[in-house]
Each structure stands twice: as structure tokens, then as C-alpha cells.
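Enquirer: The opening position of the sequence shown corresponds to residue 1 in full-length UniProt numbering, with each subsequent residue numbered one higher. Don't be surprised by glycine CBs; every beta carbon is placed ideally from N, CA and C. Just so we're clear, the structure is a prediction, and the values are computed from it rather than from any experiment.
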Amino acid sequence: MSGHSNDPTAVDESHPAAEEVRSDSEEFAMAQESPKNSAAEIPVTSNGELEDSRERSFNRDLKHSLPVGLGLSETQITSHGFDSTKEGVIEAGPFQGGVRMQQKSGPVVLADEVKNPAMEKLELVRKWSLNTYKCTRQIISEKLGRGSRTVDLELEAQIDILRDNKKKYENILRLAQTLSTQLYQMVNTQRQLGDAFADLSLKSLELHEEFGYNADTQKLLAKNGDTLLGAINFFIASVNTLVNKTIEDTLMTVKQYESARIEYDAYRTDLEELNLGPRDANTLPKIEQSQQLFQVHKEKYDKMRNDVSIQIEIFGGKQG
Numbered sequence: 001m002s003g004h005s006n007d008p009t010a011v012d013e014s015h016p017a018a019e020e021v022r023s024d025s026e027e028f029a030m031a032q033e034s035p036k037n038s039a040a041e042i043p044v045t046s047n048g049e050l051e052d053s054r055e056r057s058f059n060r061d062l063k064h065s066l067p068v069g070l071g072l073s074e075t076q077i078t079s080h081g082f083d084s085t086k087e088g089v090i091e092a093g094p095f096q097g098g099v100r101m102q103q104k105s106g107p108v109v110l111a112d113e114v115k116n117p118a119m120e121k122l123e124l125v126r127k128w129s130l131n132t133y134k135c136t137r138q139i140i141s142e143k144l145g146r147g148s149r150t151v152d153l154e155l156e157a158q159i160d161i162l163r164d165n166k167k168k169y170e171n172i173l174r175l176a177q178t179l180s181t182q183l184y185q186m187v188n189t190q191r192q193l194g195d196a197f198a199d200l201s202l203k204s205l206e207l208h209e210e211f212g213y214n215a216d217t218q219k220l221l222a223k224n225g226d227t228l229l230g231a232i233n234f235f236i237a238s239v240n241t242l243v244n245k246t247i248e249d250t251l252m253t254v255k256q257y258e259s260a261r262i263e264y265d266a267y268r269t270d271l272e273e274l275n276l277g278p279r280d281a282n283t284l285p286k287i288e289q290s291q292q293l294f295q296v297h298k299e300k301y302d303k304m305r306n307d308v309s310i311q312i313e314i315f316g317g318k319q320g
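Structure, rendered in C-alpha cells:
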């Protein structure tokens with residue numbers, strides 16, 4: 001009877017052992033699935049970054065759910081955003097409480113405020129070089145007798161007269177300055193001579209009247225010389241203003257007029273050459289652009305010609 005009897009104590013002891021084995025297997029399986037489930041539940045923002053509010057709880061759960069022998073230092077989880085150029089990485093080592101962002105390199109784009117001034121300067125240099133080349137070619141063509149030039153006969157004659165008058169006024173100014181210097185020396189000499197005669201009239205009693213008369217004469221001449229010297233200096237100042245201010249300003253306007261005339265002829269020549277050539281899809285835009293530039297320089301030339309005519313008329317009125 002004793003051999004066939006079942007020991008309830010043995011049954012109870014073996015049953016918990018089986019349950020413990022099954023429980024360990026289930027925990028191991030749950031531990032294997034827990035990282036995947038936790039990683040799958042990581043909330044990621046639209047730009048590929050982890051939400052800061054759940055980082056600490058996620059890493060804490062991850063640490064507790066890892067199998068034995070696998071530490072957090074060996075784990076690296078990377079989340080990628082579909083439309084982002086950044087990567088969020090949780091790296092090895094003790095938990096730092098943050099996410100290290102790696103910025104991918106991209107093309108460098110210059111801002112408009114940095115790019116535009118340089119482009120504008122380059123465009124100005126290009127236009128200046130082109131204009132200088134055209135004007136130089138026009139000047140050389142005129143000197144060699146190959147190019148044509150625009151001539152206003154009446155205005156050119158007035159300009160020649162103005163330049164000739166400037167030379168004459170410069171000569172008068174030079175002579176007047178010489179006269180002023182010599183007259184100043186003469187007046188100073190007369191004044192000294194009068195003082196010498198006055199001293200002799202006091203020391204020579206027999207010639208007192210004669211020396212006194214000569215002293216008065218020299219002093220009167222010196223006084224009148226001062227008046228004449230003042231008038232000559234005023235004349236010199238007026239002529240100097242006329243030559244170095246009025247005429248010089250007019251001649252500066254004449255130089256600007258001549259430069260405008262050269263530019264006008266240069267662009268006129270270019271337009272004539274383009275009009276003589278073939279007209280097709282390639283040349284028509286060039287002809288239109290050349291026509292616009294020609295019109296601009298023609299207006300500038302007409303304006304400068306009118307300015308020169310007005311200033312020459314004013315100069316003629318001042319002479320009269």
C-alpha cells in the first residue's frame with residue numbers, strides 16, 4: 001500500500017518547479033520582444049527628432065528589459081525622418097539625457113544682399129570697358145581719316161573764338177600782374193625819395209625851399225601811385241576771375257560736350273554697321289539694343305550742345 005501511495009508533498013513541490021520554468025521562459029520571450037515594442041513606440045517628430053518628454057522613460061524601460069549580458073552601452077538606436085537632413089542618435093555609454101544631432105553637409109547658397117553688390121560692380125566695369133573701347137576706336141578712326149564725325153560748324157567756330165580769347169586774356173593778365181609789381185616798386189621808391197628830400201630840407205637852410213618842394217612832389221606821386229595800384233589790382237582780380245573761372249568753366253563744359261559727341265558718333269557707327277549687315281533672329285535683338293543706346297547718347301549730346309551754346313552766349317554778354 002505504501003509503494004502505490006502518492007505523496008501530496010512531492011506533487012506540490014514538483015508543480016511549482018514546472019511553473020517557475022515556464023515563467024522564466026515567458027519572461028525571456030517578453031524580454032526579447034520588449035526592446036522591439038518599445039522602439040516601435042518611440043514618438044518621432046516630423047523632422048526626425050525624438051520627443052524629449054518620453055526619452056527618460058523609454059531609456060529606463062529599455063535598460064530594465066535588456067537580457068543579461070547586454071548593457072545599454074552596447075545599444076545604438078537611430079531614427080530617420082523622411083523629409084529631414086538630420087539624424088537623432090542615442091549612443092553608447094551612460095545615459096546623457098539628451099540626443100546628439102548630426103548635421104549633414106549641404107550646398108552653400110549666397111544671400112542676395114551678398115551677391116548683388118558684386119554683380120552690380122562687375123556689370124558697371126563691363127559697361128565702362130565696352131564704352132571706353134568704342135570711344136577709343138572712334139578717336140583712332142577719326143585721326144586716321146577713316147571714321148566720320150558729327151560737326152556743328154557754328155558752335156565749333158564759337159568754341160575756337162572762346163579758346164583764342166582765353167589766350168589773349170591770359171596775356172593781358174600776365175602783363176597787368178607785371179605792371180602791378182613794377183608800379184608797387186616805383187611807388188615805394190617815390191615814398192622813400194620824398195622822405196629823403198624832406199630830411200635834406202631840414203638840414204640845408206640854403207636849399208630848404210627846393211628840397212621841400214621836391215619832397216612834396218614825390219609824396220604826391222606816391223599817393224597817386226597807390227590809387228593807380230589799387231585800380232590795377234582790381235583789374236587783375238576781374239580778369240583772373242574771367243579767365244580762371246568763367247572761361248574755364250565754359251571750356252570744361254566744352255570738354256564734356258566733345259566727350260558726348262565722341263560717344264554719340266561711336267554708337268552711331270555701331271548702329272550703321274549693324275543696319276548694313278543681315279537681319280535675322282540673332283542680329284535683330286542686337287540692332288534693337290544698339291538703337292536704344294544710340295538714342296540715349298544722342299539725347300546726351302543734344303543736351304551738352306545746348307549747354308555750351310548758352311554758356312558762350314552768357315560769356316559774350318559779359319564781354320559786352
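Just confirm the distance between the C-beta atoms of ASN233 and SER180, as a whole number of angstroms; I'd bet it's less than 8 Å.
Expert: 6 Å
Enquirer: Using the Cβ count rule (16 or more neighbours within 10 Å means buried), how would you classify ILE161?
Expert: exposed
Enquirer: Report buried or exposed for GLN185, applying the criterion of at least 16 other Cβ atoms within 10 angstroms of its Cβ.
Expert: exposed
Enquirer: DSSP three-state call for ASN282: helix, strand or coil?
Expert: Coil, per DSSP.
Enquirer: Near GLY212, which residues of its chain fall below 6 Å by C-beta distance, leaving aside the five closest residues on each side in sequence?
Expert: SER201
Enquirer: Touching or not, the region 154-168 and the region 286-302, by the rule of three or more beta carbon pairs under 8 Å?
Expert: In this structure the region 154-168 does not touch the region 286-302; the number of beta carbon pairs closer than 8 Å is below three.
Enquirer: Label ALA157 either buried or exposed according to how many other C-beta atoms from any shown protein chain fall within 10 Å of its C-beta, with 16 as the threshold for buried.
Expert: exposed
Enquirer: With distance defined between alpha-carbon atoms, name the residue in PHE197, ARG174, THR178 nearest to VAL243.
Expert: ARG174
Enquirer: Going by C-alpha to C-alpha distance, which of GLU209, GLN218, VAL187, GLN177 sits closest to GLY194?
Expert: GLN218
Enquirer: Give, in chain order, every unbroken run of the alpha helix (DSSP H) that is at least 4 residues long and sits entirely within the region 214-253.
Expert: none
Enquirer: Do you know how far the Cα of ARG137 is from the Cα of LEU144?
Expert: 11 Å
Enquirer: DSSP on MET204, reduced to helix/strand/coil?
Expert: Per the sequence shown, residue 204 should be read as Ser rather than Met. Three-state DSSP puts SER204 in coil, outside helix and strand.
Enquirer: Can you tell me whether VAL187 is helix, strand or coil according to DSSP?
Expert: helix
Enquirer: Pairs of beta-carbons, one from the region 247-257 and one from the region 299-318, closer than 8 Å: are there three or more?
Expert: yes
Enquirer: Using only the alpha-carbon positions, how far apart do ILE287 and PRO117 sit?
Expert: 29 Å
Enquirer: With a CB to CB cut of under 8 Å and the five nearest residues on each side skipped, what residues in its chain are close to GLN177?
Expert: ILE236
Enquirer: Report, in whole angstroms, the separation of the C-beta atoms of CYS135 and GLU263, which I expect to be a contact under 8 Å.
Expert: Indeed they touch by this definition, with Cβ atoms about 6 Å apart.
Enquirer: Measuring alpha carbon to alpha carbon, tell me which residue in LEU284, LEU205, THR250 is nearest SER309.
Expert: THR250
Enquirer: Check this for me: beta carbons of LEU183 and LEU124, under 9 Å apart or not?
Expert: no
Enquirer: Can you tell me whether DSSP reads LEU155 as helix, strand or coil?
Expert: helix
Enquirer: Does the separation of the CB atoms of GLY277 and THR283 fall below 9 Å?
Expert: yes
Enquirer: What does a CB cutoff of less than 6 Å around LYS300 pick up in its chain, not counting 5 residues either side in sequence?
Expert: Excluding five sequence positions before and after LYS300, the CB atoms of its chain that fall closer than 6 Å to its own CB belong to ALA260, given in chain order.
Enquirer: Short of 8 Å in beta carbon distance, which residues of its chain neighbour SER290, apart from the five on each side in sequence? Order them along the chain.
Expert: Shown here for SER290: same chain residues with a beta carbon closer than 8 Å to its own, the five before and five after excluded, namely TYR267, ASP270, LEU271, LEU274 in chain order.
Enquirer: Spatial neighbours of LEU155 within its chain, please: CB distance less than 7 Å, with the 5 preceding and 5 following residues excluded, ordered by chain position.
Expert: When the five nearest sequence neighbours on each side are left out, the beta carbons in the same chain lying within less than 7 Å of the beta carbon of LEU155 are those of ARG305, VAL308, SER309, in order along the chain.
Enquirer: Using a threshold of 9 Å, state whether the C-beta atoms of PHE197 and ILE247 are closer than that.
Expert: no
Enquirer: Measuring CA to CA, which of ILE312, THR227, SER204 is closest to ASN188?
Expert: THR227
Enquirer: Cα separation between LEU220 and ILE172?
Expert: 29 Å
Enquirer: Count the other CB atoms, across all protein chains shown, that sit within 10 Å of the CB of GLN311; report buried if there are 16 or more and exposed otherwise.
Expert: The C-beta of GLN311 has 16 or more other C-beta atoms within 10 Å across all chains shown, which makes the residue buried.
Enquirer: Return the residue from the list ASP265, ASN240, GLU313, LYS127 that minimises the CA-CA distance to ARG149.
Expert: ASP265
Enquirer: Considering Cα atoms alone, identify which of ARG191, HIS208, ASP216, LEU122 is closest to ALA222.
Expert: ARG191
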